[in-house]
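Colleague: Below is the structure I would like to discuss, written out as structure tokens.
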Amino acid sequence: MMSHAFWVMATGSLVAASCGFIGCFLLLRRMTMLGDAISHAVLPGIVVAFLVSNSLEGMTMLIGATIVGLLTSFLIQTLHTGGVQSDAAIGITFTSLFAIGVVLVSMYASDIHLDVQHVLYGEIAYVPWEVATLAGIEMPRAVWMMGGVFVLSLLVVGLLYKEIKLSSFDPQMAAAIGIPVLLIHYILMALVSMNTVAAFESVGAILVVAMIVVPGATAYLYTDRLHLMLGCSIVLGVLSAVGGYNLAAYFDVSISGAMVTVSGALFFLSFLFSPRYGVASRYFTQRALRKEHQKES
Amino acid sequence: MTSAVTVENMTVAYHKKPVLREISFEAPEGKLIGIMGPNGAGKSTLIKGILGLVPLASGKVGIYGKPYKIQRKLVGYIPQRESVDWDFPTSALDVVLMGRYGHAGMFRRLRAADREFAFSCLEKVGMSDFADRQISQLSGGQQQRIFLARALAQDASVYFMDEPFVGVDAATERAIVSLLNELKKQGKTVLVVHHDVQTVTDYFDWLLLVNLRKIAFGPTEEVFTSENLQKAYGGRLSFTETLVPSAGIKS
Amino acid sequence: MEFLLTLLFDPNTRWVVTGCMLLGISSGVLGSFALLRKHSLVGDAVAHAALPGICLAYMLYGEKSIGLFMVGATASGLLGTLCISLISKYSRIKPDASLGIVLSVFFGFGTVLLTRIAQTGKANQSGLDAFLFGKAASLVQADIEVMMGVAAFLIIVSFLLFKEFKLLCFDPGFGRGIGFPMGFLGTVLMLMIVLTVVIGLQAVGVVLMAAMLIIPPVAARYWTERLHRMVIISGVFGAASGIVGTLLSGFTPQLPTGPVIVLSAFLLFIVSLFFAPRKGLVAKALHTAKLRRRVAVQNILQSLYDLTEHTTASGIRTDGWGFSEEEIYHLRPQGSRQARRVLSYLKKRGWVQMLEDNQGNKRWALTDRGADEAYAITLNERLYEMILMYPSRFGSVKLEQEGDRIQDCVSPDILQELKLLLTKHNHPVLLPQVKYGADLSYTECHQAVTSRGGDA
Chain Z
1 MMSHAFWVMA
11 TGSLVAASCG
21 FIGCFLLLRR
31 MTMLGDAISH
41 AVLPGIVVAF
51 LVSNSLEGMT
61 MLIGATIVGL
71 LTSFLIQTLH
81 TGGVQSDAAI
91 GITFTSLFAI
101 GVVLVSMYAS
111 DIHLDVQHVL
121 YGEIAYVPWE
131 VATLAGIEMP
141 RAVWMMGGVF
151 VLSLLVVGLL
161 YKEIKLSSFD
171 PQMAAAIGIP
181 VLLIHYILMA
191 LVSMNTVAAF
201 ESVGAILVVA
211 MIVVPGATAY
221 LYTDRLHLML
231 GCSIVLGVLS
241 AVGGYNLAAY
251 FDVSISGAMV
261 TVSGALFFLS
271 FLFSPRYGVA
281 SRYFTQRALR
291 KEHQKES
Chain H
298 MTSAVTVENM
308 TVAYHKKPVL
318 REISFEAPEG
328 KLIGIMGPNG
338 AGKSTLIKGI
348 LGLVPLASGK
358 VGIYGKPYKI
368 QRKLVGYIPQ
378 RESVDWDFPT
388 SALDVVLMGR
398 YGHAGMFRRL
408 RAADREFAFS
418 CLEKVGMSDF
428 ADRQISQLSG
438 GQQQRIFLAR
448 ALAQDASVYF
458 MDEPFVGVDA
468 ATERAIVSLL
478 NELKKQGKTV
488 LVVHHDVQTV
498 TDYFDWLLLV
508 NLRKIAFGPT
518 EEVFTSENLQ
528 KAYGGRLSFT
538 ETLVPSAGIK
548 S
Chain U
549 MEFLLTLLFD
559 PNTRWVVTGC
569 MLLGISSGVL
579 GSFALLRKHS
589 LVGDAVAHAA
599 LPGICLAYML
609 YGEKSIGLFM
619 VGATASGLLG
629 TLCISLISKY
639 SRIKPDASLG
649 IVLSVFFGFG
659 TVLLTRIAQT
669 GKANQSGLDA
679 FLFGKAASLV
689 QADIEVMMGV
699 AAFLIIVSFL
709 LFKEFKLLCF
719 DPGFGRGIGF
729 PMGFLGTVLM
739 LMIVLTVVIG
749 LQAVGVVLMA
759 AMLIIPPVAA
769 RYWTERLHRM
779 VIISGVFGAA
789 SGIVGTLLSG
799 FTPQLPTGPV
809 IVLSAFLLFI
819 VSLFFAPRKG
829 LVAKALHTAK
839 LRRRVAVQNI
849 LQSLYDLTEH
859 TTASGIRTDG
869 WGFSEEEIYH
879 LRPQGSRQAR
889 RVLSYLKKRG
899 WVQMLEDNQG
909 NKRWALTDRG
919 ADEAYAITLN
929 ERLYEMILMY
939 PSRFGSVKLE
949 QEGDRIQDCV
959 SPDILQELKL
969 LLTKHNHPVL
979 LPQVKYGADL
989 SYTECHQAVT
999 SRGGDA
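Residue numbers (my numbering), protein chains in the order written: chain Z, 1 to 297; chain H, 298 to 548; chain U, 549 to 1004.
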């Protein structure tokens, strides 16, 4: 019905939008690298889930991913309280877990149709061909999964918006007025894990990180309102996906890599030219101020 | 007099080194209470211990007789400034609105009444013109006033403030003092960690002197003696001898 | 076993193992500095950022050349670090996020280039895939020689600039103050980290290189408190991981070497975490248990002392001899089981006596020897409190070990001052020794007190 290109772009957009959306909170909580860690660490979880259930079936994978993601977050926390620096705790945990994952993939490569390349940058081009039907509507499975996770993220964040906002801004006050700060942290980690796993098929483990970090960071340069930042990151995600696909089609290169590159380019442009926080804008504002001062004196 | 805050035998230790030992006192309702002591004496820790922000090695805390966990709605906390991220995408009004979250409860939206009340709190601290400003664009004193407005918005009965006067400009200092008096008029109880021995007798009705243990607690005239100050600060006699007469209090 | 021996005797394997050993040493050494500067994850970003540089080098040169790859990697790695600092310097984006941005965008762009190269359909896949997860087996003698040179350079410079790097990691502000060029040194260190990453890429790969910069230093940290030892141990751990990992992965040719090396390092970390003396978890648990035991004993003795003094001084107690267990452990909260254990231990040592009535209720009291001990402990505690209360006066007092008596650690004048402060703070019943001076035993003091009509 819809063209192949449409579905690829739809999947990519959903991935970028959903990851970008939840990534905003990681950015504001200064937990970007934790998000990076989780997206790497889910790999062994995915492999084990696949070996056990013999399919990349949605529900089991999501649950398995959430467990692994929370476990990772917990391990990092434990190491950190045990006296290891936080950045080192993150580094040790995710590299070791990811290494296990790569070993598993290489050893069981024949049993799972995953290979090491796939792990890294996914196979979004194949996505439209694996369809699933739900409630009479036939769409690619990846779209169902990613769309489902996105809707879930929106719901959870919508429901707990005040609590997430306050605990991100001022965790001490949040704790003092009774908000379960730790629970909220783990809820966010669970959402990150689910986003990672759902996106994994399309854009691979490492490129998920880009979608989690870059659209949110770009949006951060445009606005001072949290809800606008969230919306902006979704828009930027979609732009990256659509732009990336077309670029990849033209140059015949990795689609997910192109999507990341476009998001990076958008970031770069915003870094320079964002009306409020761009380097160029601030430079010109300073210059204008200086001129005014000179005129006065 | 009802006791707004009761602390029984509170002990807090960091890494086996005790910071507070067996502190007990009953803070009467409706008073402005200053908490004083030398640096590292445990004053901030005392507040954090009461609010459950640091674990207690022993002891109990009550707000109007009930454990703190039940009485959260009645308590407002104004921390030292550094603990937040000033680049957070939020406006001054937004921060004040956060003070209403406790009343709204989990999963609930805020209502128009909340917004109006928050705005009026901003007016009370003289910051209503800055309602839409992103917080990193405010000066240090203005930021402090936003925190005060947020505490007002909580509409609590007991307030805890941690060194609110440190490093603020004169306008902000005046704003804080008038706010304190306003709160007192409303019958609220305020406990303030204070650093300046010179001003303590002007601002506070009651005084808690702390140095690892409770040195003294009671109405300022009774507590602010050179003997107590010596016990608390352990300084040379001359310092406290000149201070006490100049505060117009008999020693 | 035989296979291992044949491996070791194969000259090619020897070269490969040597190469991995060298990369392990340099990443261990430089990783230590990175760790202390909190720059560990920068190594991760540099490794990912190196990918486009390698690809571009290939695209420009047309065929595989390790030397050029390394140049390309270094260039784009450096560009990456530049971007990281520029982004966090000139916008409100925090350092952790700028790391994430550079890491993922550069890598993403690298994969674009990789797939572009794959399009040109060179049968010999250009050797670039090896850079993703490492393929130590693809190292040849020429490569190793380059690695040796770079590694030697890195180690020598680290040695020469050791104290400067130490200062840089610990207190750059101070370093600037005494005139050292901290900014320049920081750049040099960053450059050295980039080079370390680059020479490791072939063996460990882009994705996992960060591990070699993080895991060996963290593991080494558990074995020593001195920086130079940490650096050396870290280098040794790195080398060991490199060697073991390469040999192990020799058994399974389809497995990339990177993950195996990383997992070897991880194993070393786990062993260090648990079994290092003094800082390892096992050692710490033993130490904590011992400490808790000692504190429990002291608490019980102190409580008994407090109770005894209180009743003697106020003359309240009329209902019999000694104190119940609940009274004792209520004063300083402890589990009842532990309290009972401590009390029986004290009884064995002759510091405490017990009387049991016909209903099975036990009552405990101090013996004379126990009273002396308890008095000494309580006096020590109070003196310690005075030291804590007035840090400006007594901050220089050094208490070496947990069990030290303050009397032994301070000069007589300071001891006098402390006792004077005790008086001021009205700790009533400690006064016997304080008031009557000299080193009277508890019983003697007590007699002195009660004989004067109980004015303590």
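Where a beta carbon is used, it is the ideal one built from N, C-alpha and C, also for glycine.
Would you mind working out which of Ile-641/U, Ile-809/U, Gly-658/U, Leu-968/U sits nearest Phe-385/H, comparing C-alpha positions?
Modeller: Residue 385/H sits at position 88 when you count from the first residue of the second sequence. Among Ile-641/U, Ile-809/U, Gly-658/U, Leu-968/U, the Cα nearest to that of Phe-385/H belongs to Ile-641/U.
Colleague: Going along the chain, which residues of its own chain have a beta-carbon closer than 6 Å to the beta-carbon of Ala-671/U, five neighbours each way excluded?
Modeller: Numbered from 1 along the third sequence, position 123 holds the residue referred to as residue 671/U. Confidence in Ala-671/U is poor, its pLDDT being 42 and thus under 50, which makes the residue's placement unreliable; the coordinate value appears in the next sentence. The answer is none, since no qualifying residue turns up.
Colleague: Taking just the CA atoms, how far does Leu-584/U sit from Ala-824/U?
Modeller: Residue mapping note: residue 824/U aligns to position 276 of the third sequence, counting from 1. Residue mapping note: residue 584/U aligns to position 36 of the third sequence, counting from 1. When rounded, the distance between both Cα atoms is 20 Å.
Colleague: Name the chain H residues that come within less than 7 Å of Gln-286/Z, Cβ to Cβ?
Modeller: The residue labelled residue 286/Z in the question sits at position 286 within the first sequence. By Cβ distance, chain H contributes nothing, its closest Cβ being about 15 Å from Gln-286/Z, past 7 Å.
Colleague: Measuring only the C-alpha atoms, how far is Leu-492/U from Thr-772/U?
Modeller: Given that chain U is displayed from residue 549 to residue 1004, the structure contains no residue 492/U and the question cannot be resolved.
Colleague: Indicate the three-state DSSP secondary structure (helix, strand or coil) for Arg-295/H in the structure shown.
Modeller: The displayed coordinates of chain H run from 298 to 548. Any statement about residue 295/H would go beyond what the structure contains.
Colleague: Under 8 Å by Cβ, that's how I've got Ala-758/U and Gly-91/Z pegged, so tell me the actual separation to the nearest angstrom.
Modeller: Reading the third sequence from its first residue, position 210 is the one you call residue 758/U. Reading the first sequence from its first residue, position 91 is the one you call residue 91/Z. Yes, they are in contact, since the Cβ atoms of Ala-758/U and Gly-91/Z sit about 6 Å apart, within 8 Å.
Colleague: Which of the three DSSP states, helix, strand or coil, is assigned to Leu-506/H?
Modeller: Within the second sequence, residue 506/H is the residue found at index 209, counting from 1. DSSP places Leu-506/H in strand when its eight states are reduced to three.
Colleague: Is His-491/H buried or exposed, if buried means 16 or more other CB atoms sit within 10 Å of its CB?
Modeller: Residue 491/H sits at position 194 when you count from the first residue of the second sequence. Classification of His-491/H: buried, given that the 10 Å Cβ count is 16 or more.
Colleague: Could you check where the alpha helix (DSSP H) with Pro-807/U kicks off and where it finishes?
Modeller: The residue given as residue 807/U occupies position 259 in the third sequence. Looking at the DSSP string, the run of the alpha helix (DSSP H) that includes Pro-807/U is 805 to 823.
Colleague: Is there a Cβ of chain U sitting closer than 8 Å to that of Ile-76/Z, yes or no?
Modeller: The residue labelled residue 76/Z in the question sits at position 76 within the first sequence. Not an interface residue.
Colleague: Distance check for Gly-648/U and Gly-464/H, CA to CA, integer angstroms please.
Modeller: Mapped onto the second sequence, residue 464/H falls at position 167. Mapped onto the third sequence, residue 648/U falls at position 100. Roughly 36 Å separates the two Cα atoms.
Colleague: Does any C-beta atom of chain Z lie closer than 8 Å to the C-beta of Ile-602/U?
Modeller: Within the third sequence, residue 602/U is the residue found at index 54, counting from 1. It does not; no Cβ of chain Z falls within 8 Å.
Colleague: Taking 8 Å as the CB-CB cut-off, is Gly-399/H touching chain Z?
Modeller: What you label residue 399/H is simply residue 102 of the second sequence in a count that begins at 1. Yes, contact with chain Z.
Colleague: Taking the CB atoms as reference points, tell me whether Thr-387/H and Leu-239/Z lie closer together than 8 Å.
Modeller: Residue numbering aside, residue 387/H sits at position 90 when the second sequence is read from its first letter. Residue numbering aside, residue 239/Z sits at position 239 when the first sequence is read from its first letter. The answer is no: Cβ separation not under 8 Å.
Colleague: Could you check the C-alpha separation between Phe-268/Z and Ala-210/Z for me, to the nearest Å?
Modeller: As a first step, residue 268/Z is located in the first sequence; it is residue number 268 there, counting from the start. As a first step, residue 210/Z is located in the first sequence; it is residue number 210 there, counting from the start. Looking at the two C-alpha atoms, the distance is approximately 14 Å.
Colleague: Does Asp-170/Z come within less than 8 Å of chain H when only Cβ atoms are used?
Modeller: Locating residue 170/Z in the first sequence gives position 170, where the first residue counts as 1. So yes, Asp-170/Z belongs to the interface.
Colleague: Should Ala-751/U and Thr-805/U be called a contact, given that it needs their Cβ atoms to be closer than 8 Å?
Modeller: As a first step, residue 751/U must be located in the third sequence, where it is residue number 203. As a first step, residue 805/U must be located in the third sequence, where it is residue number 257. Yes; because the gap between Cβ atoms is below 8 Å, this pair is in contact.
Colleague: Please list the partners that Asp-298/Z has in chain H, where partner means a Cβ-to-Cβ separation under 7 Å.
Modeller: An answer regarding residue 298/Z cannot be provided, because it is not within the stretch 1 to 297 covered by chain Z.
Colleague: Indicate the three-state DSSP secondary structure (helix, strand or coil) for Arg-880/U in the structure shown.
Modeller: On the third sequence, position 332 is the one that residue 880/U refers to. Three-state result, Arg-880/U: coil.
Colleague: How would you list, in chain order, the residues of chain U whose beta-carbon sits under 8 Å from the beta-carbon of Asp-499/H?
Modeller: In the second sequence, residue 499/H corresponds to position 202, counting from 1. The contacting residues do not exist; Asp-499/H stays about 26 Å from chain U at best.
Colleague: Can you tell me whether Tyr-609/U is helix, strand or coil according to DSSP?
Modeller: Counted from its first residue, the third sequence places residue 609/U at position 61. The answer is helix: DSSP assigns Tyr-609/U an H, G or I state.
Colleague: Should Val-1009/U and Ser-588/U be called a contact, given that it needs their Cβ atoms to be closer than 8 Å?
Modeller: Examination of residue 1009/U is not possible in this model, given that chain U is present from 549 through 1004 alone.
Colleague: Under 7 Å, CB to CB, which of the residues in the region 812 to 823 of chain U have a partner in chain Z?
Modeller: The residues in question are Phe-814, Phe-817.
Colleague: How big is the Cα-Cα spacing for Pro-461/H and Ile-473/H?
Modeller: As a position in the second sequence, residue 461/H is number 164, starting the count at 1. As a position in the second sequence, residue 473/H is number 176, starting the count at 1. When rounded, the distance between both Cα atoms is 8 Å.
Colleague: Residues of the region 376 to 393 of chain H in Cβ contact with chain Z at a cutoff of 7 Å, in chain order, please.
Modeller: Listed by position along the chain: Pro-376, Ser-380, Val-381, Asp-382, Phe-385, Pro-386, Thr-387, Ser-388.
Colleague: Apart from the five residues on each side of it in sequence, which residues of its chain come closer than 6 Å, Cβ to Cβ, to Gly-411/H?
Modeller: Taking the second sequence and counting its residues from 1, one reaches residue 411/H at position 114. Rather than Gly, the amino acid found at residue 411/H in this sequence is Asp. Correct list, in chain order: Arg-397.
Colleague: Within a Cβ cutoff of 7 Å, which residues of the same chain sit near Val-564/U, ignoring the five residues on either side of it in sequence?
Modeller: Working through the third sequence from its first residue, we reach residue 564/U at position 16. Only Ala-684, Ala-685, Leu-687, Thr-794 meet the Cβ criterion.
Colleague: Hey, which unbroken runs of the alpha helix (DSSP H) at 4 residues or more fall wholly within the region 77 to 152 of chain Z?
Modeller: List check, alpha helix (DSSP H) in window: 86 to 107, 116 to 121.
Colleague: Could you name the residues of chain Z that Tyr-638/U contacts, counting a contact when the two beta carbons are closer than 7 Å?
Modeller: Residue mapping note: residue 638/U aligns to position 90 of the third sequence, counting from 1. What Tyr-638/U touches in chain Z: Val-279.
Colleague: At a cut of 8 Å, does the region 171 to 180 of chain Z reach the region 36 to 44 of chain Z through at least three beta carbon pairs?
Modeller: Taking 8 Å as the limit for Cβ pairs, the verdict is that the region 36 to 44 of chain Z does not touch the region 171 to 180 of chain Z.
Colleague: Does DSSP put Pro-315/H in a helix, in a strand, or in coil?
Modeller: For the purposes of this step, residue 315/H is taken as the residue at position 18 of the second sequence. Here Pro-315/H sits in strand by DSSP.
Colleague: Taking Cβ-Cβ distances below 7 Å as the criterion, which residues of the region 743 to 762 of chain U are in contact with chain H?
Modeller: Of all residues in the region 743 to 762 of chain U, none has a Cβ within less than 7 Å of some Cβ in chain H.
Colleague: Hey, would you say Ile-762/U sits closer than 8 Å to Ala-88/Z, going by beta carbons?
Modeller: What you label residue 762/U is simply residue 214 of the third sequence in a count that begins at 1. What you label residue 88/Z is simply residue 88 of the first sequence in a count that begins at 1. Their beta carbons are under 8 Å apart, which means Ile-762/U touches Ala-88/Z by this criterion.
Colleague: Is Ala-175/Z near Cys-19/Z, with beta carbons less than 8 Å apart?
Modeller: One-based indexing of the first sequence puts residue 175/Z at position 175. One-based indexing of the first sequence puts residue 19/Z at position 19. Not a contact, by the Cβ cut-off of 8 Å.
Colleague: Please list the partners that Phe-404/H has in chain Z, where partner means a Cβ-to-Cβ separation under 8 Å.
Modeller: For the purposes of this step, residue 404/H is identified with residue 107 of the second sequence, where counting begins at 1. Chain Z residues near Phe-404/H: Leu-159, Leu-160.
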